[in-house]
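Enquirer: Chains A, B and C, in that order, give the protein sequences.
Everything in the first sequence is counted per our numbering, starting at 1 for the first residue and increasing by one.
Everything in the second sequence is counted per our numbering, starting at 679 for the first residue and increasing by one.
Everything in the third sequence is counted per our numbering, starting at 1357 for the first residue and increasing by one.
Just passing along the structure, written as structure tokens.
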Amino acid sequence: MKKKILFPQISGMIHGGDYNPDQWLDRPDILEEDLRLMKKAGVNCVSLGIFAWSAYEPAEGEFHFRWLTDIMDRLYDNGIYTVLATPSGARPAWLDAAYPEAMRVAENGLRDRHGLRHNHCMSSPAYREKVKIMDTRLAEAAGRHPGVILWHISNEFGGECYCPLCQNKFREYLKNRFHNNIEELNRQWWTSFWSHTYTDFSQIEPPFSNGERSVPGLLLEWRRFTTWNTTDFMQQEIDAVRRITPDIPVTTNLMELYEGLDYHEFSKPLDLVSWDSYPRYHNDQETLEQTAARTAFQHASIRGLKQEQPFLLMESTPSQVNWQPFNKLKRPGVHKLSCLQAVACGSDSVQYFQWRKGRGGAEQFHGAVMDHLGTDNTRTFREVAEVGRLLQKLAPVTGSPVKAQAAILYDCDNRWAIKDMQGLSQSGKQYEETLYLQYQSLMQLGVETDVISSLEDFSGYRLLAAPMLYLLHEGVAERLIKFVEQGGQLIATYLTGYVNEHTLCYLGGFPGGGLRRLFGLYSEEIDTLYPTDTNSARFADGDCSVIHDFAEILKLEGAEVLAEYTDDFYAGSPAAAKNKFGSGTAWYVGARLAQAGMEKIYRMALEDAGIEIPALPRHVEMHRRSDGKHNFVFYFNYGSQNAVIEHCLGTDLLTDRKINGTLVLPPMECAAVMQPLR
Amino acid sequence: MKKKILFPQISGMIHGGDYNPDQWLDRPDILEEDLRLMKKAGVNCVSLGIFAWSAYEPAEGEFHFRWLTDIMDRLYDNGIYTVLATPSGARPAWLDAAYPEAMRVAENGLRDRHGLRHNHCMSSPAYREKVKIMDTRLAEAAGRHPGVILWHISNEFGGECYCPLCQNKFREYLKNRFHNNIEELNRQWWTSFWSHTYTDFSQIEPPFSNGERSVPGLLLEWRRFTTWNTTDFMQQEIDAVRRITPDIPVTTNLMELYEGLDYHEFSKPLDLVSWDSYPRYHNDQETLEQTAARTAFQHASIRGLKQEQPFLLMESTPSQVNWQPFNKLKRPGVHKLSCLQAVACGSDSVQYFQWRKGRGGAEQFHGAVMDHLGTDNTRTFREVAEVGRLLQKLAPVTGSPVKAQAAILYDCDNRWAIKDMQGLSQSGKQYEETLYLQYQSLMQLGVETDVISSLEDFSGYRLLAAPMLYLLHEGVAERLIKFVEQGGQLIATYLTGYVNEHTLCYLGGFPGGGLRRLFGLYSEEIDTLYPTDTNSARFADGDCSVIHDFAEILKLEGAEVLAEYTDDFYAGSPAAAKNKFGSGTAWYVGARLAQAGMEKIYRMALEDAGIEIPALPRHVEMHRRSDGKHNFVFYFNYGSQNAVIEHCLGTDLLTDRKINGTLVLPPMECAAVMQPLR
Amino acid sequence: MKKKILFPQISGMIHGGDYNPDQWLDRPDILEEDLRLMKKAGVNCVSLGIFAWSAYEPAEGEFHFRWLTDIMDRLYDNGIYTVLATPSGARPAWLDAAYPEAMRVAENGLRDRHGLRHNHCMSSPAYREKVKIMDTRLAEAAGRHPGVILWHISNEFGGECYCPLCQNKFREYLKNRFHNNIEELNRQWWTSFWSHTYTDFSQIEPPFSNGERSVPGLLLEWRRFTTWNTTDFMQQEIDAVRRITPDIPVTTNLMELYEGLDYHEFSKPLDLVSWDSYPRYHNDQETLEQTAARTAFQHASIRGLKQEQPFLLMESTPSQVNWQPFNKLKRPGVHKLSCLQAVACGSDSVQYFQWRKGRGGAEQFHGAVMDHLGTDNTRTFREVAEVGRLLQKLAPVTGSPVKAQAAILYDCDNRWAIKDMQGLSQSGKQYEETLYLQYQSLMQLGVETDVISSLEDFSGYRLLAAPMLYLLHEGVAERLIKFVEQGGQLIATYLTGYVNEHTLCYLGGFPGGGLRRLFGLYSEEIDTLYPTDTNSARFADGDCSVIHDFAEILKLEGAEVLAEYTDDFYAGSPAAAKNKFGSGTAWYVGARLAQAGMEKIYRMALEDAGIEIPALPRHVEMHRRSDGKHNFVFYFNYGSQNAVIEHCLGTDLLTDRKINGTLVLPPMECAAVMQPLR
């Protein structure tokens, strides 16, 4: 664990957010007031120009960057740095009029019309050229400004395009992937089914809504292609700005478990990852504690893209958003907790969308630091300024990675394949919820957990959760076997090892690909439960855990029973089992257990692995960062009573208080305890 | 209040409805029977030719009006007048084949195919020309017939078209509206957001479903354009018939709070307004009394388009309809109550869709006076004939306006802007329900209430309800201030004065546009509640009223607290307040109170205003018309017990009984008491 | 009742299913294993080549049948016969690329893209030609193979096409149907409504989703055309194979009450009918007994297409399917019951989709005899083999028709007309559920019931249920009158005789077309109930039956009251009545009674008819086939206790046990008792 300082210019954490002065150029009084209030709020960095193409290039070939550099100058003079965005996220009206090919074609085959944002074709040479010119000109005009610390490439990349250009590119991609061998493609896609055999790559189309939706291999490859093509588009933007400013790092802002892109692939060209976090606080389905736990899982999933270095919280709202079904205000104190949770989970920034609400447009009612009201005498402003103050206290944490002993395997390919799987049930699959359930189970036990791809090196963890690992990438089964052999704890579930990376079913029993031997069992059948159905698993000690959605009927070949079904025709048969293998243990949970059941199994596995299970009070969330010399342990109390944390030694950075064994944390409070490592 | 007789030819109320003899030309026996039964039912007027284009012009340029004038002759000879329709509501098949541009383009960009009705392009020069010829030929052939008392222009105008012709017309409309100044449009639409700046009017498209849906100003202007273009279409039809028959008044039939057109604008060219009322009696969500109250609100909203003169109930069903999810029969007696309620609310007619059911077509199971059964020995016929008899009794009421002391402001622009507002919540907005809630609250207190646009002169009312007045037209804030200054009671709610007429947010605090001063407060934040959330407002006397959906956090600047929130982090802060201002009072209700809470506030305001609150028994609905010499007071008892109305003097026109202080009204009965004014 | 042996080659029942060796040509070991296991499972027949076009003709004009005949040889050598399919159900990619007109146009007017299956245009001359060549070549290559016992034409025909070719064909069809007389079409479609008169056949379009949806006659005729055109397509395929193999019978596989085709018309060219049965066992809305009863109804509806001969169960799943919302495993024993129920209801086969799961494609998780696991040591295999064994025991039943005394009239035209009827309610109509309710009511009384079209000869039955006979084909009213006159029991309901075969309403009272006289009553009004509304019918003996959805207000003209409404304004008026007419009785049930109420009425009618009501224990289902010399009586016990069936004599073919008066049937068991006829 080594410190990694992202921005040497800034001593400590970043505090700031999106700033759109281009909307207020006719109001210099407001721009002036912004500077005064940013300083009052402890803002040290803003993101500029995310949707400023029209302001930069109001007519083709006519560039205006002076307003930008003027503002950057004034910001810099006031100690405020700039994250500079390329404006490719939204196209000016003149551009679509001149280059209609920049507009996407939807999955129904109809071309979009001008409007909205985030909807350009990723293939269009004309648009790529326009973007390259823009990015180059922007980098030349402003990229070398001393205030610039980071490139923010485009905005929230996503979506698909079905235009002829993309279709052709998809075919080229497939040719490359299958070594120009159509027979190999037919084999892997099992196109003999329903007479779907292709005799030429030219016959292949993307999965139009009125086209081919019945070839799982095609569906999966189309999703992979979209990631590949979007990454390629982004790479070209990165190349353009790097040519001018080789030393400025680049990022783009990711989204909450976004399904459209494989972020593991997509984030490779980035120097650091950042994301936009908009938890649905105070919703009608969760407690605040649960919402927070879900958010911690999201942070971990982003952190996992670039392990061993901090990420940025690029966007978050200081109050409410405007796009959820119901947009509640954050209750007092929640802003502080949510911002510090991001830091606890590995972020070196707290940034907002946005500094000041625009008077019109789609987001005129999205929360911002500055409201239409125009004064700093608001609850929101005060809470933001308080966060600014606390972030300064947390400066020593900057650059420290998070320290985890366990990891959850989350593969985007696997997620897609499960989603497109035509069987069992659609609504019951819930892969994402299942990932989250593992995270929450481990979090409840006080175990800091990473979320990583199965293609990452996982040999360093002591416990690995691989829920619903339906699709196996090449080599993963072998690496899992080795992991257990060498002493690891592996926890897998129903739906493990069903298909290869082209979604072809393994022959010879699930879990396939060699894992049957590792787990010492196979699944003869899998039952799908209606939402109104339940079963339960009874453990040796009599504990029962309720079962929903899926239940595999297992045949043991060496594994030891952990729990048995209590009901239905398979009552008494194994619901979960473990298999000693080499120096480790492979655990197999054949049915969807409720959280308590999973916690029980994780507890057994942790004990097996010799990982300490800290005695955390209820409703307390804990995270740990470390710079190699100190641990920084964060505690959050979501309960309604004081929480008493024993065996706690160190200094709470937020209050400068020394903790001498017992930390008493009031409700809705947090602590950041710095502990020297011996 | 002055009498306004709409049709001097007819002594008293109109009773009749749509009649489609063109469907029965091969059955002279049935046409003969129709005449006999119309007279038996007290019918004195029918509407002809609404969908008769094919019968008038079966092939292009070949006109047949003789069958029409023959029928008009026979009707007239039997004392039955004609409302004559222009047939533009549905196009013959040959017309669409010859002029495809007459068919609309839907918001997905695809042109409709021939079929249905009410779906012509409003811009098509070809269709406008065809309609002009048709209307002219029809007016020449039948318009001067002595039986004709009214033109019925087309039918239930509505809908939008996205064809190239309409797109161009929209651009021309925008050029005109923004004085050919694209910068002004950009400013008002805040297009700097998301780089949406236009550099030429040619870049603007209507809000296609796969196009620009993120510019609120554009969305609103498109809706205004549709009203403007539809009105222009209708005006051309009016011009055509007026040229031939300058003395025949014109109307068109409107629909229940129809969202697609701003009826305030649209009804300006009309001599009188009429509408089609289809309450969902006996539904599974309301009591009969509530359905009736909702219907009274609808009548008031139509009446408000042409105050001080009666309107017509152009369509209603004598039994059931065929297009609701469940089409129940009207229970015995309900037909009488619903017809007389229309009269009580200001209608001078009771008209039906339709006289006789057609054997086929989309509405073969829509209720009619004459069923497929073919006999007058039916409950429906008897109830219709009874209404015919009672309408004759009500002849003295004819021409008398309704007498209201209060008004509700309902702006179509405001409705559209709220609907398109991207924030807070979609399902929770419920502007229409909120309008209705104000009406019902006032109705419960026995206050006759108009429903008018904020652009109307409202200075004559003593109480004004302005619920959710989110968008302020120019000048409205000033006129509201003056209204209160001069002694008026103004009741406003959360979401008042957020945006200007282009949906640009007011800076400096909501309610904006100058209203912050009037109400003596501002709203710092607005909280959105989930449907499962509630809060409540506690009044000074301890009464509590439940709160749903919205709660503003108010900061008072001079206003006096009326009620405080009981829960959540803003408990104890004001939920409602009032502000003495000049000689009047401005009331601000910061949260969505249930009806009881609103009634309580209205009661206070009425007392403040010195408006008498009559002591009506429960379940009784009251309305009042007046010809300047008499009041005509209508009572309806929706309860299951006799209702005793005290202090009632006059003559019940329905029974010819003198009322001498006490009126005892049996369940499901009504009275129409004529009271001479001193 | 005479035996009709479908396949003289096979002594006894068929056991087998779809087999796709074309997916495994590179795995001779698996093909070898298949043969071994088929024999072990008692398989004597497989269906080949259903989606093998790509394998037969990988490139245009290049044919490969050798792999097929090789496999047929080996199957035949092992005693396994072949059902040979024409492969037109799915088109190779090269074909769509070369002949885009083969791809359908959807109801939105957009042409489908290549993919999926069952989606060719039925009109395309190019595709018809390709199919003809393929079928001919296939028949030549393999049709005369001694193993072939049956042609399986295409697969699960269905769907509609709106392409220009189909549009033209529809117009030609209409010209023919209306004798080239557009006036007659206008009359029958009542196009004078909404000015929809056509002046030329060229103006008529199919009911595009953005076109004409308001002419019920057009909607109905479009559905009829689709049946006609699909039948014509199939006929061409039949002609092609018959030319080569005149002695091989033909079938196609039908689907569960499939709405898109009128199977009565569609099955005429077939030598025998077969269908694909996929009951939703163990769902969350029914008991197993109810699911079974629903399935029996489906069997009866297929059997009714070719009465007096057995049908085939062409597809069923040995375990679970993959396309339902939740795909549960068949519980142990259910497979046996479901297979033998098919036989009890008249099937001479039990066939599966499919023998072996494919590794990929849309159905890789659809149940099959052989799983990806690859072993016969599975519950599924054992249950299949057990069915194979039992089918051999049932050989004597082969060829025996089912013996029914009652019939339910089910007309596809009527179903379509009810569905498209614009009135009353959409969700409440539930014609299919109502059919099923009659079947279940009669089944509960132990009465074997056929399901036939009203165009079939029904004079041989003693009881006829005609629920919701809304549309009357020409001549049906007369035949119903004659049926009752001659002693039949006719049970009709609300919504009888509303429209003629063009959906034109009858004048003069419902039930129209002459039936008013038969039932001795007419319906003055029909009330539609909300789902939350109920009423009830009280019988003379005080029994009450709850009423949902619909209630007609009846006026009796000679009929005798059976039950009266208990509630609402029509309380006390007749809810059901009967009318002695000639030697029989016409029963009219004016409201939707719950099953208990219908059973009560059927019981009365059966007593009237002198049909014996057997004393069956609860939860027991009974069916009867007969070869003229023996009855074969099947009993199924769905209860959880032993069922004791008295007065049972004969031999249980499944166990070879003699039954001497009392049959004791354990839970989830069945018996097939052969009883010699005197």
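Even glycine gets a Cβ: it sits at the ideal position worked out from N, Cα and C.
This one's a predicted model, so the numbers in the text were calculated from it and none came from an experiment.
1) Could you tell me which of A:L270, A:C339, A:D284, A:N322 sits nearest to A:Q307, measuring between CA atoms?
2) CB-CB under 8 Å to A:R243, same chain, minus the five flanking residues each way: which ones, in chain order?
3) Is B:S892 closer than 8 Å to B:E785 when the C-beta atoms are compared?
4) For C:E1968, count neighbouring Cβ atoms within 10 angstroms of its own Cβ and tell me buried if that reaches 16, exposed if not.
5) Could you work out which residue in C:S1879, C:L1765, C:P1887 is closest to C:A1931 when comparing CA atoms only?
6) Do we get a CB-CB distance below 8 Å when we pair B:G1138 with the residues of chain C?
7) Taking C-beta pairs closer than 9 Å, name the residues in chain C that A:P246 reaches, listed in chain order.
8) With a cut-off of 8 Å on the beta carbons, I'd call B:F1031 and B:E993 a contact; round off their distance for me.
9) Excluding five sequence neighbours on each side, which residues of the same chain lie with their C-beta closer than 8 Å to the C-beta of B:D1128?
10) Interface residues of chain A around C:H1728 at Cβ under 9 Å?
11) Which whole-angstrom value describes the C-beta separation of C:W1546 and C:L1860, a residue pair presumed to lie in contact below a C-beta threshold of 8 Å?
12) As an exercise, report each continuous alpha helix (DSSP H) stretch of at least 4 residues that is fully enclosed by the stretch 32-94 of chain A, in chain order.
13) Would you report the Cα separation of B:V928 and B:M912, rounded to the nearest angstrom?
14) If we define contact as Cβ-Cβ less than 8 Å, is C:E1719 a contact residue for chain A?
15) Does the pairing of the stretch 1260-1270 of chain B with the stretch 1217-1227 of chain B give three or more beta-carbon distances under 8 Å?
16) Would you check if there are 3 or more beta carbon pairs closer than 8 Å linking the stretch 1501-1508 of chain C to the stretch 1431-1441 of chain C?
17) Tell me whether the beta-carbon of B:I1337 lies closer than 8 Å to the beta-carbon of B:P1295.
18) Per DSSP, which one or two residues make a beta bridge with A:K555?
19) Counting only C-beta atoms, is A:W53 closer than 8 Å to chain B at any point?
20) Quick one: which residues of the stretch 1702-1717 of chain C get their C-beta closer than 8 Å to a C-beta of chain A? List them in chain order.
21) Would you kindly work out how many angstroms separate the C-alpha atoms of C:N1609 and C:A1648, rounded to a whole number?
22) Inspect the CB distances between the stretch 837-845 of chain B and the stretch 801-812 of chain B and report whether three or more fall short of 8 Å.
23) Would you say B:S1004 faces chain C, with C-beta separation under 8 Å as the test?
24) Under 8 Å by Cβ, that's how I've got B:A1237 and B:L1193 pegged, so tell me the actual separation to the nearest angstrom.
25) Can you tell me where the alpha helix (DSSP H) with C:Q1654 in it begins and where it stops?
26) Whose C-alpha, out of A:M668, A:D77, A:L312, A:T69, is nearest the C-alpha of A:A142?
27) Determine which residues of the stretch 1054-1078 of chain B have a Cβ less than 9 Å from any Cβ of chain C, and write them out in chain order.
28) Can you check whether the C-beta of B:H792 is within less than 8 Å of a C-beta belonging to chain C?
Expert: Quick look at the numbers:
1) A:L270
2) T136, A139
3) no
4) exposed
5) C:S1879
6) no
7) By Cβ distance, chain C contributes nothing, its closest Cβ being about 45 Å from A:P246, past 9 Å.
8) 4 Å
9) A978, R981, G982, Q985, V1080, A1082, A1084, A1085, I1086, Y1139
10) Y498, C505, Y506, L507, G508, G509, F510, G512
11) 6 Å
12) 53-56, 66-77
13) 11 Å
14) yes
15) yes
16) yes
17) no
18) A:Y522
19) yes
20) K1713, G1714, R1715, G1716, G1717
21) 21 Å
22) yes
23) According to the sequence as given, residue 1004 of chain B is Phe; it is not Ser. Yes, because at least one Cβ of chain C sits closer than 8 Å to the Cβ of B:F1004.
24) Actually they do not touch by this definition, with Cβ atoms about 12 Å apart.
25) 1644-1659
26) A:T69
27) N1055, T1056, R1057, T1058
28) yes
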